[in-house]
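First up is the structure itself, then whatever we jot down about it.
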Amino acid sequence: MIGVYVHIPFCISKCAYCDFPSYSGCESLYEEYIQAVCREIETYQGERHADTIYFGGGTPSLLPVALLEKVLVCLRHQFIVSEDAEITVEANPDSLTLDMCRQLATIGVNRLSVGVQSFQDDVLRHLGRPHTGKMAYQLLEGIPKTGITNISLDLMYGLPEQTVEMFQQDIEMIPTIPVTHASIYSLIVEEHTLLYRQVQQCSILLPMEETVEQMKTILFSKMAEWGFYHYEISSYAKENYESIHNSKYWKYLPYIGFGAAAHSFDGRRRWENVRSIAQYIRYSNQDKCIFHQFEVSPQQGMEDFCYLALRMQRGISYQAFYKQFQTNIEDEFGKEIERLCTQGLLEKTQDGVCLSDLGLAYGNYVFSQFIRVSS
Numbered sequence: 001m002i003g004v005y006v007h008i009p010f011c012i013s014k015c016a017y018c019d020f021p022s023y024s025g026c027e028s029l030y031e032e033y034i035q036a037v038c039r040e041i042e043t044y045q046g047e048r049h050a051d052t053i054y055f056g057g058g059t060p061s062l063l064p065v066a067l068l069e070k071v072l073v074c075l076r077h078q079f080i081v082s083e084d085a086e087i088t089v090e091a092n093p094d095s096l097t098l099d100m101c102r103q104l105a106t107i108g109v110n111r112l113s114v115g116v117q118s119f120q121d122d123v124l125r126h127l128g129r130p131h132t133g134k135m136a137y138q139l140l141e142g143i144p145k146t147g148i149t150n151i152s153l154d155l156m157y158g159l160p161e162q163t164v165e166m167f168q169q170d171i172e173m174i175p176t177i178p179v180t181h182a183s184i185y186s187l188i189v190e191e192h193t194l195l196y197r198q199v200q201q202c203s204i205l206l207p208m209e210e211t212v213e214q215m216k217t218i219l220f221s222k223m224a225e226w227g228f229y230h231y232e233i234s235s236y237a238k239e240n241y242e243s244i245h246n247s248k249y250w251k252y253l254p255y256i257g258f259g260a261a262a263h264s265f266d267g268r269r270r271w272e273n274v275r276s277i278a279q280y281i282r283y284s285n286q287d288k289c290i291f292h293q294f295e296v297s298p299q300q301g302m303e304d305f306c307y308l309a310l311r312m313q314r315g316i317s318y319q320a321f322y323k324q325f326q327t328n329i330e331d332e333f334g335k336e337i338e339r340l341c342t343q344g345l346l347e348k349t350q351d352g353v354c355l356s357d358l359g360l361a362y363g364n365y366v367f368s369q370f371i372r373v374s375s
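Each residue of the sequence shown is one higher than the last, beginning at 1 in full-length UniProt numbering.
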């Protein structure tokens, strides 16, 4: 089974921290862009059985539901979509209404991922987010009444002017709203963003590293207390509510991406579509959407498999590694694994290794030990 990703690159405005391919002020292109996406879908020649569809962005909830439905109809014509497929739409509180949720449920959407980031209005202003905490809370509270009960929210910590108390107030909203999943990220200040320039100019202050560690400690403790399983470094789920689509990335499974800047992986090759909306629309009719592609070498595949698997709580399965690459992991990364276990960053499982509690705090270092410069 393959996962299908559809990129919707439109936003109301660019958030201060965002370096994803997204564009504002393009309302006149919505319909033309969706027509281009459907043309690309119609040219697809690969695996036909799909069990996940994910509309990401950007802000997919900016589009009229009729345009999202047009893509779903096209996908169902081109793919054999499982009856119980997970169909997710990313949304922001300022562009999603309960009436839209009802319409989305009618066309088959059964999961929403809502980009809240914070319930604190001062923090939201620093991020350039156009919604308020009250707006986000009321939306999340009302969604289950529309027929969609699988609800994920995004929160962030280590944000400008954010204190430990403010973050604790944010996460303490979680047990009071009907969410089944949460993606909670530590802020990364990307170079080509407004926030990066503000930090460089010292016009905005970020929390100290010790403060961020305090936030992380509270996060781990509280989410476990509330019955959320910490199944991936930044992801928490109630029982049976892990993101099936995102898990494909971490499990080294194939997925196909449609739309500008969408990425794909078929098990042997990775490729990326052109990023420009105008170029994408122009090229989609000529089967020239792909901007960059490459064959994944066996060495690179093994590295990717390991560091992606380690993002998940269950870690690396030695049996799954052998099945994928027809070689024992000890022959490839035995020294690295033993050293990381000795350092207390990895621990042995019944069928492999996973991050220890200490390793969770040093994930990027652990991942780097499986990546060889020569590759």
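In this text, a Cβ means the ideal position worked out from N, Cα and C, and glycines have one as well.
- The criterion of a C-beta distance shorter than 8 Å is satisfied by Leu159 and Val123.
- In this structure, Glu272 lies away from His245, with their beta-carbon atoms at least 8 Å apart.
- The beta carbon of Tyr322 is closer than 8 Å to those of Asn328 and Ile329 in its chain, skipping five residues each way along the sequence.
- Gln369 is the residue among Gln369, His126, Arg270 and Ala224 whose C-alpha sits nearest the C-alpha of Ile337.
- Bounds of the beta strand (DSSP E) holding Tyr54 are His49 to Gly57.
- Annotation: Asn240 to Leu340 spans about 31 Å, alpha carbon to alpha carbon.
- Nearest in C-alpha terms to Ala262, of all of Ile2, Ile218 and Pro21, is Pro21.
- Judged by DSSP in its simplified three-state form, Arg311 adopts coil rather than helix or strand.
- No Cβ-Cβ contact shorter than 8 Å links Ser113 with Asp84.
- Beta-bridge pairing by DSSP links Lys348 to Val353.
- DSSP places Phe265 within a strand segment (E or B) once states are collapsed to three.
- For the options Glu190, Arg372 and Cys306, the alpha carbon positioned closest to that of Leu355 is the one of Cys306.
- A straight line joining the alpha-carbon of Leu187 with that of Ser118 spans about 12 Å.
- The Cβ-Cβ distance between Glu31 and Leu62 does not fall below 8 Å.
- With a cutoff of 8 Å on beta-carbon distance, Arg111 and Ile87 are scored as near each other.
- Residue pairing by DSSP puts Ile151 in a beta bridge opposite Leu112.
- Between the beta-carbon of Tyr255 and that of Gly3 there is about 4 Å, and that keeps the pair under the 8 Å contact cut.
- With a cutoff of 8 Å on beta-carbon distance, Leu29 and Val65 are scored as not near each other.
- Of the candidates Thr349, Leu358, Tyr44 and Met302, the residue whose Cα lies closest to the Cα of Gln326 is Met302.
- Distance from the CA of Ile277 to the CA of Leu345, rounded to the nearest whole angstrom, comes to 43 Å.
- In terms of Cα proximity to Leu127, the closest of Glu232, His7 and Ala16 is Ala16.
- Gly334 carries a helical assignment under DSSP once its states are collapsed to helix, strand and coil.
- In this chain, the alpha helix (DSSP H) harbouring Thr211 covers Glu209 to Glu225.
- Shown here, Glu31 sits in a helix according to DSSP, grouped into three states.
- Judged by DSSP in its simplified three-state form, Thr176 adopts helix.
- Using a Cβ distance threshold of 8 Å, Gly133 and Glu90 do not count as a contacting pair.
- Straight-line spacing of the CA atoms in Tyr280 and Thr43 works out to 14 Å.
- When the five nearest sequence neighbours on each side are left out, the beta carbons in the same chain lying within less than 7 Å of the beta carbon of Arg129 are those of Cys15 and Gln117, in order along the chain.
- Rounded to whole angstroms, the gap between the alpha carbons of Phe167 and Ser183 is 14 Å.
- By alpha-carbon distance to Gln313, the top candidate from Gln138, Ala237, Leu75 and Pro298 is Ala237.
- For Asp266 against Gly46, the beta-carbon gap comes to about 6 Å, under 8 Å, which counts as contact.
- Nearest C-alpha to Glu165 among Gln120, Glu191, Tyr231 and Gln198: Gln120.
- Judged by DSSP secondary structure, Thr106 falls within the alpha helix (DSSP H) whose first and last residues are Leu98 to Thr106.
- Taking the Cβ atoms as the reference, Val179 lies roughly 18 Å from Ser221, outside the contact range of under 8 Å.
- Within the same chain, Cβ atoms closer than 8 Å to the Cβ of Glu141 are found at Ile177 and Pro178, the five residues on either side in sequence being excluded.
- Taken atom to atom, the span from the alpha-carbon of Arg102 to that of Val296 is near 42 Å.
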